[in-house]
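For reference, the structure is listed below as structure tokens.
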Amino acid sequence: MTGSDLTPAALTADQRAEHAIDLATRAGRSLGLEAGEPRVLHNVFNVLVHLAPHPVVVRVPSLAVAPVEEQAAKQRRELAVAGWLADRGAPVVAPSPLVPREPVELDGRSLTFWEFVAETDPLSAVTDPEVLQKRFTEQTGWTAELHALLAEHPGDDLPVLSPVVPAVGLTLAALAENPHPLISPGELDRARQEYAVLETLVQDLPARFPGARLQTLHGDSPAYNLLRTATGHLFSDFEDATRGPVEWDLTLVGPLGIEEYERVSGTRVDRALLDVMEGARFLQIVGALALAPLKPDLAPMLEPAIDQWRARAPLGLENLG
Numbered sequence: 001m002t003g004s005d006l007t008p009a010a011l012t013a014d015q016r017a018e019h020a021i022d023l024a025t026r027a028g029r030s031l032g033l034e035a036g037e038p039r040v041l042h043n044v045f046n047v048l049v050h051l052a053p054h055p056v057v058v059r060v061p062s063l064a065v066a067p068v069e070e071q072a073a074k075q076r077r078e079l080a081v082a083g084w085l086a087d088r089g090a091p092v093v094a095p096s097p098l099v100p101r102e103p104v105e106l107d108g109r110s111l112t113f114w115e116f117v118a119e120t121d122p123l124s125a126v127t128d129p130e131v132l133q134k135r136f137t138e139q140t141g142w143t144a145e146l147h148a149l150l151a152e153h154p155g156d157d158l159p160v161l162s163p164v165v166p167a168v169g170l171t172l173a174a175l176a177e178n179p180h181p182l183i184s185p186g187e188l189d190r191a192r193q194e195y196a197v198l199e200t201l202v203q204d205l206p207a208r209f210p211g212a213r214l215q216t217l218h219g220d221s222p223a224y225n226l227l228r229t230a231t232g233h234l235f236s237d238f239e240d241a242t243r244g245p246v247e248w249d250l251t252l253v254g255p256l257g258i259e260e261y262e263r264v265s266g267t268r269v270d271r272a273l274l275d276v277m278e279g280a281r282f283l284q285i286v287g288a289l290a291l292a293p294l295k296p297d298l299a300p301m302l303e304p305a306i307d308q309w310r311a312r313a314p315l316g317l318e319n320l321g
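Numbered per full-length UniProt numbering, the sequence shown spans residues 1 to 321.
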């Protein structure tokens, strides 16, 4: 990906929703789903469209900048991991059984189809910080249970830490071509140096952290990607499914969450590796500024985390074991 890939005009939230409904409806019809009442459930990086009255949700990657072939390859990994879990009765949002477990490519986008889930007590409704902390602590304990299930997944065809390498390198390269005022040239140099450190880590992670448990992972902070329903919780959004240390899935859950994870799993989290993974997570957020031309309100959303990245000591080879 280069800066030229980020040239599409920015759309408003309403325009992204309207475009996503059109794509989802046409893709659904191609599979025999005549949805007469489509409605948007979520609209941030992806737009989720419920093809009502069918119990089907279409995920439309509204900010996708990668070629459609790369989108589809990533989604096939997601469908395979989420489907593998669903087939074993794991608490996950499952691929829709009404259509094949394959992405549908349409107008330069690759769409996936999922079971509709009625969420109760959504995260957006929580305003009390203490309640929010309690929820994340509990959900991090559930992440330990998810990891125990994923430890049985073969994962042989999954790349190691693919949300970091090469993904962050690509977004930082795009950011270098189209700088954003929120990041100074010196800070971008720091980010690229940190990325080089992470490339070194991914090349041979077991040598740097011999005690690391490499396994199939959710890939995108599962404690934050979870729906509460009337019958229990369901993990969702496995689009960054990858192989790596469990610490990657535990970034930014806080000390209480880590303690709960250790209590439920019966294993100790490597604090040094967790710190490196959190540095990688913050770097991922810095790279996400490359998408700001497509979503004008994105930079203010990212700024608090970028401030935290600035306050951290830079990642260096000395951090790697």
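Note that CB positions come from ideal geometry on N, CA and C, so glycine has one too. These figures come from a predicted structure and were not determined experimentally.
task: Closer than 7 Å by C-beta to V68: which residues in its own chain qualify, once you throw out the five before and the five after it? Chain order, please.
output: Your numbering for residue 68 matches position 68 in the sequence shown. So the qualifying residues of the chain are E105, G108, R109, S110.
task: From the DSSP output, read off the bridge partner residues of A173.
output: Counting from one through the sequence shown, the residue named residue 173 turns up at place 173. Per DSSP, none; premise fails for A173.
message: Helix, strand or coil, according to DSSP, for F235 in the structure here?
response: To locate residue 235, count along the sequence shown from 1; it is residue 235. It is a strand residue.
L214 vs R208 beta-carbon contact at 8 Å: As a working mapping, residue 214 is identified with position 214 in the sequence shown. As a working mapping, residue 208 is identified with position 208 in the sequence shown. By the CB criterion at 8 Å, L214 and R208 fall outside the cutoff.
- prompt: What is the residue span of the beta strand (DSSP E) that E105 lies within?
  reply: Within the sequence shown, residue 105 is the residue found at index 105, counting from 1. From DSSP, the beta strand (DSSP E) with E105 extends over 104-106.
message: Counting only C-beta atoms, is A311 closer than 8 Å to chain C at any point?
response: The structure shown has no chain C; it contains just one protein chain.
- prompt: If we count the other Cβ atoms within 10 Å of its Cβ and call it buried at 16 or more, is H39 buried or exposed?
  reply: Counted from its first residue, the sequence shown places residue 39 at position 39. One detail in the question is off: residue 39 reads as Arg in this sequence, not His. Flag for R39 reads exposed.
- prompt: Can you tell me whether Q284 is buried or exposed, with buried defined as 16 or more other CB within 10 angstroms of its CB?
  reply: Your numbering for residue 284 matches position 284 in the sequence shown. Buried: at least 16 other Cβ atoms inside 10 Å.
- prompt: Under the three-state reduction of DSSP, which class applies to A151: helix, strand or coil?
  reply: One-based indexing of the sequence shown puts residue 151 at position 151. If DSSP states are grouped into helix, strand and coil, A151 belongs with coil.
query: Apart from the five residues on each side of it in sequence, which residues of its chain come closer than 7 Å, Cβ to Cβ, to H153?
result: Here residue 153 refers to the residue found at position 153 when the sequence shown is read from its first residue. Hits under 7 Å: V81, W84, T216.
task: Buried or exposed for D220, please, with buried defined as at least 16 other CB atoms from any protein chain shown within 10 angstroms of its CB.
output: For the purposes of this step, residue 220 is identified with residue 220 of the sequence shown, where counting begins at 1. Around the beta carbon of D220, a 10 Å sphere encloses 16 or more other beta carbons of the protein chains shown; the residue is thus reported as buried.
- prompt: So what does DSSP say about V49, is it helix, strand or coil?
  reply: Position 49 of the sequence shown, counted from the first residue, corresponds to residue 49. In the structure shown, V49 sits in a strand (DSSP, three-state: E or B).
Contacts around M301, its chain only, beta-carbon distance under 8 Å, and the 5 residues preceding and following it disregarded: Against the sequence shown, residue 301 aligns to sequence position 301. Excluding sequence positions up to five before and after M301, its CB lies less than 8 Å from no other CB in the same chain.
- prompt: Roughly how many angstroms separate the alpha carbons of A10 and E262, rounded to a whole number?
  reply: Numbered from its first residue, the sequence shown carries residue 10 at position 10. Numbered from its first residue, the sequence shown carries residue 262 at position 262. Going from the Cα of A10 to the Cα of E262 covers about 43 Å.
message: Per DSSP, what are the beta-bridge partners of W114 in this structure?
response: If you number the sequence shown from 1, residue 114 lands on position 114. According to DSSP, W114 bridges with V57, P95.
message: I want to know whether the segment 238-256 touches the segment 169-183 - three or more CB-CB distances under 8 Å.
response: Contact fails: fewer than three Cβ-Cβ distances are below 8 Å.
field: Identified DSSP bridge partners for P245
entry: Residue numbering aside, residue 245 sits at position 245 when the sequence shown is read from its first letter. According to DSSP, P245 bridges with L214.
query: Quick one: Cα of P95 to Cα of E318, how far?
result: Residue 95 sits at position 95 when you count from the first residue of the sequence shown. Residue 318 sits at position 318 when you count from the first residue of the sequence shown. Spanning the two alpha carbons is a distance of roughly 42 Å.
query: Buried or exposed: which applies to P314, given that a residue is buried once 16 or more other Cβ atoms fall within 10 Å of its Cβ?
result: Position 314 of the sequence shown holds residue 314. Classification for P314: exposed.
message: With distance defined between alpha-carbon atoms, name the residue in D237, D270, E145, V264 nearest to T251.
response: On the sequence shown, position 251 is the one that residue 251 refers to. Looking at the Cα atoms, D270 is the closest of the given residues.
- request: Just mark P8 as buried or exposed, buried being the case when its beta carbon has 16 or more other beta carbons within 10 Å.
  value: Looking up residue 8 in the sequence shown gives position 8. Reliability of the predicted coordinates at P8 is poor, the pLDDT of 45 falling under 50, and the value obtained from them is presented with this limitation in mind. For P8, the number of other beta carbons within 10 angstroms of its own is below 16, and it is reported as exposed.
task: Quick one: grab the DSSP three-state call for V160.
output: The residue you call residue 160 lines up with position 160 of the sequence shown. Here V160 sits in strand by DSSP.
Chain-order list of residues whose beta-carbon lies under 8 Å from that of G232 (same chain, five-residue window excluded): As a working note, residue 232 is residue 232 in the sequence shown. Same-chain partners within the cutoff: P91.
message: Bridge partners for R39 per DSSP, in chain order?
response: Along the sequence shown, one-based indexing puts residue 39 at 39. In the DSSP assignment, R39 is bridged to H50.
query: Which residue's Cα is closest to the Cα of G266: A148, A288, G254?
result: For the purposes of this step, residue 266 is identified with residue 266 of the sequence shown, where counting begins at 1. G266 has its Cα closest to that of A148, out of A148, A288, G254.
Residue(s) in a DSSP beta bridge with L227: The count along the sequence shown starts at 1 and reaches residue 227 at position 227. In the DSSP output, where bridge partners are listed per residue, L227 has L234.
- prompt: Around the C-beta of P163, are 16 or more other C-beta atoms found within 10 angstroms, so that it is buried, or is it exposed?
  reply: By one-based count along the sequence shown, residue 163 stands at place 163. Around the beta carbon of P163, 16 or more other beta carbons sit within 10 angstroms, so the residue counts as buried.
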